[in-house]
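Colleague: Residue numbers (our numbering), protein chains in the order written: chain H, 2 to 324; chain R, 1399 to 1651; chain Y, 362 to 608. Backbone N, C-alpha and C define an ideal beta-carbon position, used for all residues, glycine too. Every value quoted in this text rests on a predicted model; they were computed, and no experiment measured them. This is the structure, below, for whatever I ask next.
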Amino acid sequence: MHIPDGFINVATAAGAGVVAASGLGASLRRTGRDLSERQIPFAGLTAAFIFAVQMLNFPVAAGTSGHLLGGSLAAILLGPWLGALAVSVVIFVQALMFADGGIFALGLNVLNMALVTALVGWGVFRSLVKVLPRKSSAVMIASMLAGAISVVASSLAFVVQYALGGEGGAPLRAVFQAMVGVHSLIGIGEGVITALAVGAVLAVRPDLVKGVSDLELPRLATAPSRRSIFAFVTTGLVTAVALVFLVAPIASGDPDGLERVAIDTGFIESAQEHPLGGPLADYGVSGIDNEETGTVLAGAIGVGATFVVGLIAATILRRRRSA
Amino acid sequence: MSGVHAHALHFHGHSLIHRLPAAVKLVGLLAFVVAVVATPAQAVWAFSGYTLILMVLLVLSEVPARFFLTRLAIDLPFIAFALLLPFVGEGPRVALGPLSVSVAGLLGAWNLIAKATLSAGASVLLAATTEVPDILAGLSRLRVPAVLVAIASFMIRYLEVVAGEFRRTRIAMAARGYQARSALDWKPVAVSAGALFIRSFERGERVYQAMLARGYDGNWRTGAHETIARSQWLAGLIPGIVAVAIMLASRLL
Amino acid sequence: MTQLSVSDLSFSYPDGTEVLKGLSLAIDPGERVGLLGPNGAGKTTLVLHLNGILRASSGAISLGGTTLSDQTVREIRRRVGLVFQDPDDQLFMPTVFADVAFGPANFGFEPGEVEQRVKGALESVGEWHLADRAPHHLSGGERRKVAIATVLASDSELLVLDEPTSNLDPAGRRELVALLSSLPTTQLVVTHDLPFVFELCPRSIIMDGGRVVADGRTGELLSDRQLLAAHRLELPFGFDPTNIASR
Chain H
2 MHIPDGFINV ATAAGAGVVA ASGLGASLRR TGRDLSERQI PFAGLTAAFI FAVQMLNFPV
62 AAGTSGHLLG GSLAAILLGP WLGALAVSVV IFVQALMFAD GGIFALGLNV LNMALVTALV
122 GWGVFRSLVK VLPRKSSAVM IASMLAGAIS VVASSLAFVV QYALGGEGGA PLRAVFQAMV
182 GVHSLIGIGE GVITALAVGA VLAVRPDLVK GVSDLELPRL ATAPSRRSIF AFVTTGLVTA
242 VALVFLVAPI ASGDPDGLER VAIDTGFIES AQEHPLGGPL ADYGVSGIDN EETGTVLAGA
302 IGVGATFVVG LIAATILRRR RSA
Chain R
1399 MSGVHAHALH FHGHSLIHRL PAAVKLVGLL AFVVAVVATP AQAVWAFSGY TLILMVLLVL
1459 SEVPARFFLT RLAIDLPFIA FALLLPFVGE GPRVALGPLS VSVAGLLGAW NLIAKATLSA
1519 GASVLLAATT EVPDILAGLS RLRVPAVLVA IASFMIRYLE VVAGEFRRTR IAMAARGYQA
1579 RSALDWKPVA VSAGALFIRS FERGERVYQA MLARGYDGNW RTGAHETIAR SQWLAGLIPG
1639 IVAVAIMLAS RLL
Chain Y
362 MTQLSVSDLS FSYPDGTEVL KGLSLAIDPG ERVGLLGPNG AGKTTLVLHL NGILRASSGA
422 ISLGGTTLSD QTVREIRRRV GLVFQDPDDQ LFMPTVFADV AFGPANFGFE PGEVEQRVKG
482 ALESVGEWHL ADRAPHHLSG GERRKVAIAT VLASDSELLV LDEPTSNLDP AGRRELVALL
542 SSLPTTQLVV THDLPFVFEL CPRSIIMDGG RVVADGRTGE LLSDRQLLAA HRLELPFGFD
602 PTNIASR
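Here you go:
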């Protein structure tokens, strides 16, 4: 989903540009000296790899197809910062040399498709992989969820941007349903492919998977402790609840989000008072009791909650282990 | 998604536009796009102005219209999306033949189609008239961090190599009867993606050795920038400046 | 004075695999020497030692009297030009010109001098007209010649080529022989292509199991069927070095 120019107003696109630029700046600082020393060719080849893999269209339900975003895959393989840089470069090149995705919308696209996917994917992956048993099957489960959640998070980021400064007057709820609905399905594909690809690398060159570089997988493949099983179950449960929470509003309708949006125009009530293109204040004040915004917030909170719970579980577990 | 033909958008030529330094064209493109995006949808005259600017540039660039228009087709999925808007939009509705459409939605569709198409047209023109290494040099001139430019240059260099390896794998899979029909068929594709990553990474290791062998010491040396005369900046930015002026007028009127 | 001297070189990978086991050899200025041996003999590992990308656990390498060490590694890298097996690894820049300029720019030559060196190197391989092209648009033979130009541009005095004939068509191979025999630079050619070595290199060294097992005139080594068989080297069907005018 490359946002073209004109979809989102100037203020929001510029704001996203600033956020994306600081995200890239942070990534550059984090990768730091090590990057310029030896990792430039690796990052470049990974970017080429992601570009190639993005051509992979996979069938989703109801005749639609999605393609891999690759953000969480890059993050798991290279670490979140280098992964985000590699995907950002892909998006830059697509915009400048292939006219794919807007020029002024570059900030939006880098934010949604590189930074959000890489950081959310990495966060989910690391949270899970620390609490799951140290087995490659667990790494694959973590990769799958990281891939799936990162795509949904990316589509949510778009919905938030549309709420802040969307042009064209589509009702926010319709945008939410279409974007998050379709991307929940695409997310499943992304998750499965991410998991299988990570699994394939893990089988041959486990040293290349940055996300497990500190885990010493083979040695730790012993029986999991009762505590880690408990944590696994809790995290899995919370993730599932969050996913259901997210997908439920869409799943209740027609599985094909866009088509449903096109047919069903019956929910047009409250959005007049919701000036699209309005500033953040509007969104906050008049938004809470407004159904569309409520749904978006709910979705955002769902993903955020998963993330936070995973992190807390991981932190507790790490403390206990080191104690 | 575009295919992996690193030069699919490039049209070889030596026109005025081709010869303009890439940095100037990049700044001009950004100015043009910002102007287009910031224009109110009702200001139809402004969009006619932008279209005229783009057409003049197209003629000056000597890029054939047919070439330009087929490359512009990348815009199509969004036009499809925009065409839905009149049906899902809100507020007063008007009859359009047998259909009832929203006035706001109609305006929204026009807004998206006009802005996305004009901006994509400008991007296509840049890509058609600028060689990839020149775009990279232009970015580095515009102070894009050297590391990002370096990653991009490696990416572009190895795009076809990696995509070629991927294509060969998939041909080999197809030759043995593989065809993706449903979700159950993802596995071989994903596993081949994993294998492709390993090959890409190992090539990265060899490339790094080749860089060391030729004295790489961690400092990425970009070549000296060609100097851009002030007159080139001024001349090159005329279309962008005119677009911004139109935009300002459209917002004030 | 010898140009390259390798004495008692030993190397193991971190996983413990011993690849070089006390290897010694010497090459004189202006020589063209073939380095032959089966897969896994340690040829590529040796090549990566010659300009310090891999560092031996024991033994020494010296080039024209300069011993390879942390202090001299940059100088040695300039003087030893490695041409990698896959030109796609060697040519990593977006254009041929930028690629050939990479070495001289890193070795600190002035921009004007860099440009002259790029031109000189590309002209000496006959491919100056490719300067603005992208490497992936070149034919196999063109890539190989440009890869050689990338090291000539830094005035390397020893050229080390790893499998230079792989993926070349017969015409490309013939042009490569002509090019390499016209260069005055000392050359070490690692290859499985025995007729190529026979044509290009008067002297050959056979390596196996991390050691030198034979060193002598190429024609004599290639006529020794038992020696070749013992080290998994095979002449192409119908190729008989004794029938061809000996070098």
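(1) Please list, in chain order, the chain R residues whose beta carbon lies closer than 7 Å to that of H/T47.
(2) Determine, using beta carbons only, whether R/L1668 and R/L1428 come nearer to each other than 8 Å.
(3) Mind listing which residues of the stretch 1413-1440 of chain R have their C-beta closer than 9 Å to chain Y's C-betas, in chain order?
(4) Could you say which of Y/P399, Y/F463, Y/L384 and Y/L381 lies nearest to Y/T552 if we only look at CA atoms?
(5) Measure from the alpha carbon of H/V153 to the alpha carbon of each residue in H/L79, H/A15, H/S144 and H/V121, then state which is nearest.
(6) Output yes or no for whether 8 Å exceeds the beta carbon distance between R/L1447 and R/P1637.
(7) Find the residues of chain H that neighbour R/P1543, judging by a C-beta separation of less than 9 Å, and give them in chain order.
(8) Could you compute how far the alpha carbon of H/Q162 sits from the alpha carbon of H/I4?
(9) Using a C-beta cutoff of 8 Å, does H/M141 count as contacting chain R?
(10) Flag this pair as yes or no: are the beta carbons of Y/G508 and Y/Q451 separated by less than 8 Å?
(11) Between the C-alpha atoms of R/A1364 and H/L25, what's the straight-line distance to the nearest angstrom?
(12) Please identify, using Cβ separations under 9 Å, the residues of the stretch 190-213 of chain H that lie next to chain R, in order along the chain.
(13) Using the three-state DSSP reduction, which class does Y/T363 fall into: helix, strand or coil?
(14) Please confirm if H/A158 has its CB atom under 8 Å from at least one CB of chain R.
(15) Is there a Cβ of chain H sitting closer than 8 Å to that of R/R1612, yes or no?
(16) Taking Y/G577 as part of the beta strand (DSSP E), name the residues at either end of that continuous run.
(17) DSSP beta-bridge partners for Y/F372?
(18) Within the same chain, show all residues whose beta-carbon is closer than 7 Å to that of R/L1407, passing over the 5 residues directly before and after it, in chain order.
(19) Give the secondary structure of H/I9 by DSSP, where H, G and I count as helix, E and B as strand, and everything else as coil.
(20) Between the stretch 110-121 of chain H and the stretch 130-137 of chain H, do three or more beta carbon pairs fall short of 8 Å?
(21) So what does H/G167 bridge to, in DSSP terms?
(22) Quick check: the stretch 416-435 of chain Y against the stretch 565-585 of chain Y, are at least 3 beta-carbon pairs closer than 8 Å?
(23) Since R/Y1556 meets chain H, which of its residues come closer than 7 Å, beta carbon to beta carbon?
(24) Rank Y/A590, Y/P563 and Y/L589 by C-alpha distance to the C-alpha of Y/G577 and give the top, closest one.
(25) Just reading off the alpha helix (DSSP H) that Y/I523 is part of, what are its end residues?
(26) Please list, in chain order, all residues of the same chain as R/T1437 whose beta carbon is under 6 Å from its beta carbon, the five residues on each side excluded.
(27) Report, in whole angstroms, the separation of the C-beta atoms of Y/L540 and Y/L594, which I expect to be a contact under 8 Å.
(28) Please report the Cβ distance between Y/L386 and Y/V574, rounded to the nearest whole angstrom; I am assuming they are in contact, meaning their Cβ atoms lie under 8 Å.
(29) H/F43 and R/F1564 - do their beta-carbons sit closer together than 8 Å?
(30) Could you name the residues of chain A that R/V1640 contacts, counting a contact when the two beta carbons are closer than 8 Å?
(31) If you compare alpha carbons, which of H/A22, H/F177 and H/G124 is closest to H/G80?
(32) Please state whether the Cβ-Cβ distance between Y/G464 and R/G1613 is less than 8 Å.
(33) Quick one: what's Y/D569 bridged to in DSSP?
(34) In terms of alpha-carbon separation, which member of Y/V538, Y/P472 and Y/F600 lies closest to Y/R393?
Modeller: The relevant details are as follows:
(1) S1598
(2) Nothing can be reported for residue 1668 of chain R: it is not among the residues displayed for chain R, which extend from 1399 to 1651.
(3) none
(4) Y/P399
(5) H/V121
(6) Sequence inspection shows Gly at residue 1447 of chain R; the Leu mentioned does not correspond to that position. Taking 8 Å as the Cβ cut-off, R/G1447 and R/P1637 do not qualify as a contacting pair.
(7) R/P1543 reaches chain H at L25, G26 and L29, counting residues in chain order whose Cβ is nearer than 9 Å.
(8) 11 Å
(9) no
(10) According to the sequence displayed, residue 508 of chain Y carries Ala and not Gly. Taking 8 Å as the Cβ cut-off, Y/A508 and Y/Q451 qualify as a contacting pair.
(11) For chain R, the structure presents residues 1399 to 1651; residue 1364 of chain R sits outside this window and is missing.
(12) G190, V193, I194, T195, A196, L197, A198, V199, G200, A201, V202, L203, A204, V205, R206 and L209
(13) Assigned with DSSP and collapsed to three states, Y/T363 falls in coil, not helix or strand.
(14) no
(15) So no, R/R1612 is outside the interface.
(16) R572 to R578
(17) Y/L381
(18) Around R/L1407: R1469, V1522, A1525 and A1526.
(19) strand
(20) no
(21) H/I9
(22) With the cut-off at 8 Å, the stretch 565-585 of chain Y and the stretch 416-435 of chain Y do not touch.
(23) Those within 7 Å of R/Y1556 in chain H are G45, L46 and A49.
(24) Among Y/A590, Y/P563 and Y/L589, the Cα nearest to that of Y/G577 is on Y/P563.
(25) Per the sequence shown, residue 523 of chain Y should be read as Asp rather than Ile. Counting along the chain, Y/D523 falls outside any alpha helix (DSSP H), though it belongs to the beta strand (DSSP E) covering L519 to D523.
(26) So the qualifying residues of the chain are A1444, M1645 and S1648.
(27) Actually they do not touch by this definition, with Cβ atoms about 25 Å apart.
(28) Contact flag wrong, Cβ pair sits at about 11 Å.
(29) It is not a contact, given that the beta carbons lie outside the stated cut-off.
(30) The question asks about chain A, but that chain is absent: this structure's protein chains are H, R and Y.
(31) H/G124
(32) yes
(33) Y/R572
(34) Y/V538
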